[in-house]
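Participant: My questions will all concern the structure given below.
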Amino acid sequence: TGNMMAALQAALKNPPINTKNQAVKDRAESIVLKVLISFKANDIEKAVQSLDKNGVDLLMKYIYKGFESPSDNSSAVLLQWHEKVRAWG
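For the sequence shown, the working numbering gives the first residue as 5, with consecutive numbering after it.
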């Protein structure tokens, strides 16, 4: 759980918001989604609670981006994250 929390914090740390390079944005999105999908369902709430408001807002943006291009069961996992973020924020 600790490693997953650290991975989530690292993935959200420096989002490429101001870059015009779409490849960089796509890579960041891919990394965040891989981290989210790797979490166990019962650790998601704790992970969301570990984030500050900016982290939660950024996480929600990545969740919505993930819904735009679903892959291997990602939608079910993203729905779990979405539920926890909405409940927390």
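By construction, the Cβ of each residue, glycine as well, lies at the ideal position given by its N, Cα and C atoms.
Are the stretch 35-42 and the stretch 60-80 touching by the rule of at least three beta carbon pairs closer than 8 Å?
Facilitator: A contact exists between the stretch 35-42 and the stretch 60-80.
Participant: By a C-beta neighbour count over all protein chains shown, 10 Å radius and 16 as the cutoff for buried, is L83 buried or exposed?
Facilitator: By the 10 Å Cβ count, L83 comes out exposed.
Participant: Buried or exposed: which applies to A10, given that a residue is buried once 16 or more other Cβ atoms fall within 10 Å of its Cβ?
Facilitator: It counts as exposed.
Participant: Under DSSP, the alpha helix (DSSP H) around N58 begins and ends at which residues?
Facilitator: Taken as a continuous stretch (DSSP letters only), the alpha helix (DSSP H) holding N58 covers K57 to E72.
Participant: Using 8 Å as the threshold, is the stretch 53-61 in touch with the stretch 21-33, meaning 3 or more CB pairs across them?
Facilitator: As far as the Cβ criterion goes, the stretch 53-61 does not touch the stretch 21-33, which means the pair count is below three.
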